[in-house]
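Note sheet for the following structure.
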Amino acid sequence: MLRPSLVDPRESVPLLVRHLEETDYEFLDDHIDILESAIIFVCRNHEEIGGFIWYYQSESDETHWIVHMSVSESYKRRFFSRHLITSMFGACYALGANVIIAEDASQELLARIGGKYHDGEVILELPFIWR
25 MLRPSLVDPR ESVPLLVRHL EETDYEFLDD HIDILESAII FVCRNHEEIG
75 GFIWYYQSES DETHWIVHMS VSESYKRRFF SRHLITSMFG ACYALGANVI
125 IAEDASQELL ARIGGKYHDG EVILELPFIW R
């Protein structure tokens, strides 16, 4: 089972950059210079990394977090679970997030678990438990 963990940015940023390079992440150039300001969850199954979920705080409201993700090929069909989503969003809420916003490919997942479409984004209000 994958477990989301917050890791010191000095460790998580290089891990995430390497992962994004290895998976040919389409938007790497958009993120490379701002990852230091991201809140990064490393999702692991024991020591194996299954993917990353990272957030940027909105410039207009620090309680609104914009989500991005990248999943390792071997975890594509088994990455998201109730445990992972509920644990991660609980941690986000504890860290000060009130709203999760998906602007890109993350929209479909956020909508599927309960987010609402609004002005070209999907918004999920916290606290949230996926039932």
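Under the working numbering, the letters of the sequence shown match residues 25 to 155, in that order.
Backbone N, C-alpha and C define an ideal beta-carbon position, used for all residues, glycine too.
According to the neighbour-count rule (16 or more other Cβ atoms, all chains shown, within 10 Å of its Cβ), is M25 buried or exposed? Along the sequence shown, one-based indexing puts residue 25 at 1. By the 10 Å Cβ count, M25 comes out exposed.
Hey, out of A135, V41, G74, whose CA is closest to Y99's CA? Translated into the one-based positions of the sequence shown, residue 99 becomes position 75. Closest by alpha carbon: G74.
State the CB to CB distance for the pair I90 and E60, rounded to an integer number of angstroms; the pair is presumed to be in contact (CB under 8 Å). The residue you call residue 90 lines up with position 66 of the sequence shown. The residue you call residue 60 lines up with position 36 of the sequence shown. Contact flag wrong, Cβ pair sits at about 16 Å.
Which one of G144, D143, I109 has the shortest CA to CA distance from I137? Along the sequence shown, one-based indexing puts residue 137 at 113. It is I109 whose Cα lies nearest to the Cα of I137.
So is A121 buried or exposed if we call it buried at 16+ other beta carbons inside 10 Å? On the sequence shown, position 97 is the one that residue 121 refers to. Buried is the call here.
With W78 and H92 assumed to form a contact (beta carbons below 8 Å), what rounded beta-carbon distance in angstroms separates them? Here residue 78 is taken as the residue at index 54 of the sequence shown, counted from 1. Here residue 92 is taken as the residue at index 68 of the sequence shown, counted from 1. W78 to H92, Cβ: 5 Å. Contact.
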